[in-house]
Amino acid sequence: MNDSAEFHYIGKSVPRLEDARLLTGHGAFVDDVTLPDMAAMAILRSPHAHARILSIDFTAARALPGVLDIFAADEMGPDLPRIPLRLAPFPGFERMLQAPIA
Numbered sequence: 459m460n461d462s463a464e465f466h467y468i469g470k471s472v473p474r475l476e477d478a479r480l481l482t483g484h485g486a487f488v489d490d491v492t493l494p495d496m497a498a499m500a501i502l503r504s505p506h507a508h509a510r511i512l513s514i515d516f517t518a519a520r521a522l523p524g525v526l527d528i529f530a531a532d533e534m535g536p537d538l539p540r541i542p543l544r545l546a547p548f549p550g551f552e553r554m555l556q557a558p559i560a
């Protein structure tokens with residue numbers, strides 16, 4: 459067995475200095491940070507596997523207070539990154555992992 463420093467902690471408890479403040483509600487999380495003029499973003503994904511979305515009407519969503527804008531995947535251009543799941547099981551059928559739609 460290698461006794462080098464890289465294996466020093468394997469199989470041993472490691473002291474967690476931050477646990478007490480996090481578990482008692484005194485820790486700071488990224489979600490707790492608010493900066494001036496900060497905006498939030500959400501990504502909508504289809505709940506239906508392999509569904510073909512023909513159109514989306516964003517009128518009501520754009521009218522909601524606080525909404526800055528809404529973008530659909532087809533408006534983002536051809537370079538929108540996709541996350542491939544696995545090799546396609548059928549010729550010409552590309553399987554994607556939760557591709558963003560809006």
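In terms of our numbering, the sequence shown opens at residue 459 and continues consecutively.
We put the beta carbon where it would ideally sit given N, CA and C, even for glycine.
query: ARG479 (DSSP reduced to helix, strand or coil); result: helix
query: ARG510 - DSSP class collapsed to helix/strand/coil; result: coil
query: Span separating the alpha-carbon of PHE529 from that of VAL472; result: 45 Å
query: Boundaries of the alpha helix (DSSP H) in which ARG520 is found, first to last residue; result: 517-520
query: Beta-carbon proximity check, ALA497 vs LEU522, cutoff 8 Å; result: no
query: Alpha-carbon to alpha-carbon, ALA509 and ASP537; result: 22 Å
query: Nearest to GLY485 (by Cα), restricted to the options GLU476, LEU493, THR492; result: GLU476
query: Distance, PRO505 Cα to ILE468 Cα; result: 41 Å
query: Through-space distance from ALA500 to ARG474, alpha-carbon basis; result: 33 Å
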